[in-house]
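Participant: Before I ask anything, let me first share the structure, which is written out below as structure tokens.
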Amino acid sequence: MLLCLFSCGLVVRPMDEVSSVSPENTTLVSNDTNTLHQVIEDCNLSLETQQAVGGAIAKLGLKLLEHVQPGPEQPNVVLSPLSISLALSQLALGARTETEDQLLKALHADSLSDYYKTLSCLQEQLIVKAIKVASRIYLKPGFDLKKDFLERSRQLFRSAPTPLTSVEEVNHWVEEATNDHIKNFLSVLPPNVVLMLINAVHFKGEWKSRFDTRFTTKDLFYIDRQTAVKVDMMMGSKYPLSMFVDIDQGIQVARFPFQANVSFLVVMPMPSQNLSRAAANLNISDLYGRLPNEKPMLVKLPKFKLEYKQDLQQALTSM
1 MLLCLFSCGL VVRPMDEVSS VSPENTTLVS NDTNTLHQVI EDCNLSLETQ
51 QAVGGAIAKL GLKLLEHVQP GPEQPNVVLS PLSISLALSQ LALGARTETE
101 DQLLKALHAD SLSDYYKTLS CLQEQLIVKA IKVASRIYLK PGFDLKKDFL
151 ERSRQLFRSA PTPLTSVEEV NHWVEEATND HIKNFLSVLP PNVVLMLINA
201 VHFKGEWKSR FDTRFTTKDL FYIDRQTAVK VDMMMGSKYP LSMFVDIDQG
251 IQVARFPFQA NVSFLVVMPM PSQNLSRAAA NLNISDLYGR LPNEKPMLVK
301 LPKFKLEYKQ DLQQALTSM
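In our numbering, the protein residues as written are 1 to 319.
So, in structure tokens, the structure goes:
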């Protein structure tokens with residue numbers, strides 16, 4: 001069983017703090033009343049369209065990985081491209097002109113048709129795959145949003161504005177949305193905040209081929225060439241695995257299947273390869289397409305728990 005939890009928050013402050021952007025480009029709501037204004041009645045989208053949006057989400061994650069570097073206090077980086085995409089997309093839904101163009105470009109969605117609709121449909125499909133997605137708008141009392149933005153946020157992201165009263169209220173919602181696994185999301189409310197968009201993703205899946213707990217033992221896990229730590233190591237002597245090695249990119253790729261047609265894709269750089277350099281050239285859809293049929297093989301996988309908290313403003317700005 002694997003449990004992954006992510007929460008992402010975006011903050012909008014008063015216009016006088018955004019000196020580099022003119023007020024007409026920071027409107028929280030677009031006046032465009034296209035088909036997004038209507039209730040999504042069906043999700044019969046083509047496989048090509050779904051793959052295009054999925055590819056855009058993966059590209060965002062890989063691009064962020066290039067701009068978010070590990071440090072001494074946080075040697076690991078944990079990102080949820082899905083959660084970040086949903087939060088930024090909801091913000092883009094309320095933007096217009098240059099601001100919307102910049103957000104969609106960062107999302108790699110500027111050339112995709114039906115982007116919002118596809119993203120909304122993907123949320124619905126994820127619900128049946130042991131993945132819980134939740135969004136909420138926190139709004140400073142007395143600050144009004146246009147009805148068009150509110151309506152489309154309800155339709156596409158299932159979120160309605162909630163008064164921003166205290167940090168305790170925000171933390172309580174995040175805790176509930178992640179089944180009590182993310183606590184104290186914020187220590188204090190950001191100064192002068194008028195609006196917060198928060199998205200949470202909770203995934204709890206079952207291995208398609210379970211690891212036998214009788215074979216879990218303490219073993220060495222190498223953090224780098226010089227450093228090794230003892231961890232609980234799951235093992236399968238004839239585990240059905242699909243994997244390949246790309247010598248040119250210097251990576252090893254393996255796919256661990258879960259129930260409900262969900263999979264865990266592992267991309268591991270070769271000893272001589274840098275992770276950021278490898279990520280810059282990755283194409284997730286291409287990797288999936290190159291995976292061979294599963295073969296029984298000896299597999300060892302460490303049990304691990306990672307906690308990560310990061311302000312992504314600088315990384316997003318530099319993209």
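Think of the CB as a built atom: it goes at the ideal place given N, C-alpha and C, for glycine as much as any other residue.
Need the endpoints of the alpha helix (DSSP H) that Q252 sits in, please.
Facilitator: Premise fails: Q252 lies in the beta strand (DSSP E), 251 to 258, not in any alpha helix (DSSP H).
Participant: Going by C-alpha to C-alpha distance, which of Q155, Q252, L186, S120 sits closest to V167?
Facilitator: Comparing Cα positions, the closest option is L186.
Participant: According to DSSP, what are the bridge partners of S113?
Facilitator: Paired residues: none, contrary to the question.
Participant: Tell whether a beta-carbon distance below 8 Å holds between T389 and I137.
Facilitator: Since the first residue shown for the chain is 1 and the last is 319, residue 389 is missing from the structure and cannot be characterised.
Participant: Taking only the alpha-carbon atoms, compute the straight-line gap between K218 and K117 and give it to the nearest angstrom.
Facilitator: Approximately 47 Å between the Cα atoms of the pair.
Participant: Pull up the distance between the alpha-carbon of A52 and that of Q74, whole angstroms please.
Facilitator: Distance between the alpha carbons of A52 and Q74 is about 32 Å.
Participant: What do you get for K63, buried or exposed, if any count of 16 or more other CB atoms within 10 angstroms of its CB means buried?
Facilitator: That one is buried.
Participant: What are the partner residues of L164, as DSSP defines its beta bridges?
Facilitator: Answer by DSSP bridge pairing: none, since L164 is not bridged.
Participant: Are the segment 239 to 257 and the segment 292 to 309 in contact at 8 Å, needing three or more beta carbon pairs?
Facilitator: As far as the Cβ criterion goes, the segment 239 to 257 touches the segment 292 to 309, which means the pair count is three or higher.
Participant: Measure the alpha-carbon distance for F221 versus P271 and round it to whole angstroms.
Facilitator: Going by the C-alpha atoms only, they are around 14 Å apart.
Participant: For P190, is the classification buried or exposed, using 16 other Cβ atoms within 10 angstroms of its Cβ as the cut-off for buried?
Facilitator: Result: exposed.
Participant: Go ahead and label N199 buried or exposed: buried means 16 or more other beta carbons lie within 10 angstroms of its beta carbon, across all protein chains shown.
Facilitator: Looking at its Cβ environment, which holds 16 or more other Cβ atoms inside 10 Å, N199 is buried.
Participant: Does the Cβ-Cβ distance between V201 and K140 come in under 8 Å?
Facilitator: No. Outside cutoff.
Participant: Secondary structure at Y308, three-state DSSP: helix, strand or coil?
Facilitator: It is coil, neither helix nor strand.
Participant: Cα-Cα, which of N171, A95, F211, E307 is closest to K146?
Facilitator: Answer by Cα proximity: A95.
Participant: Per DSSP, which one or two residues make a beta bridge with S242?
Facilitator: S242 is bridged to R255.
Participant: By the 10 Å Cβ neighbour count, where 16 or more other Cβ atoms means buried, how is V253 classified, buried or exposed?
Facilitator: By the 10 Å Cβ count, V253 comes out buried.
Participant: How long is the line joining the alpha carbons of L164 and P302, rounded to whole angstroms?
Facilitator: If I take the Cα positions, the gap works out to 41 Å.
Participant: Mark S46 as exposed unless 16 or more other C-beta atoms lie within 10 angstroms of its C-beta, in which case mark it buried.
Facilitator: The residue is exposed, with fewer than 16 neighbouring Cβ atoms inside 10 Å.
Participant: What is the DSSP secondary structure of V78, reduced to helix, strand or coil?
Facilitator: V78: coil per DSSP, three-state reduction.
Participant: With burial defined as no fewer than 16 other Cβ atoms inside 10 Å of the residue's Cβ, what is the status of V231: buried or exposed?
Facilitator: Exposed is the call here.
Participant: Under the assumption that L150 contacts Q50 (Cβ atoms under 8 Å), give the Cβ distance between them as a whole number of angstroms.
Facilitator: That pair is no contact at about 27 Å.
Participant: When burial is assigned at 16 or more other CB atoms within 10 Å of the CB, is V174 buried or exposed?
Facilitator: Buried is the call here.
Participant: Among A87, Q90, L119, C43, which residue has its Cα nearest to the Cα of G55?
Facilitator: Minimum Cα distance to G55 is reached at L119.
Participant: Between A228, N274, C43, G71, which has its C-alpha nearest Y308's C-alpha?
Facilitator: That would be G71, whose Cα lies nearest to the Cα of Y308.
Participant: Just confirm the distance between the C-beta atoms of A130 and A260, as a whole number of angstroms; I'd bet it's less than 8 Å.
Facilitator: Indeed they touch by this definition, with Cβ atoms about 6 Å apart.
Participant: Since Q90 contacts S135 with CB under 8 Å, what's their CB separation in whole angstroms?
Facilitator: The Cβ separation is near 6 Å, so the contact holds.
Participant: Looking at the strands, I want to know which residues DSSP matches up with F211.
Facilitator: For F211, which the question treats as bridged, DSSP gives no partner whatsoever.
Participant: What's the C-alpha gap between E24 and L287?
Facilitator: Here E24 scores only 30 on pLDDT, less than 50, and its place in the model should not be relied on; the value that follows carries that caveat. Whole-angstrom Cα-Cα distance: 42 Å.
Participant: L316 to Q310, Cα distance in whole Å?
Facilitator: Those two C-alpha atoms are separated by around 12 Å.
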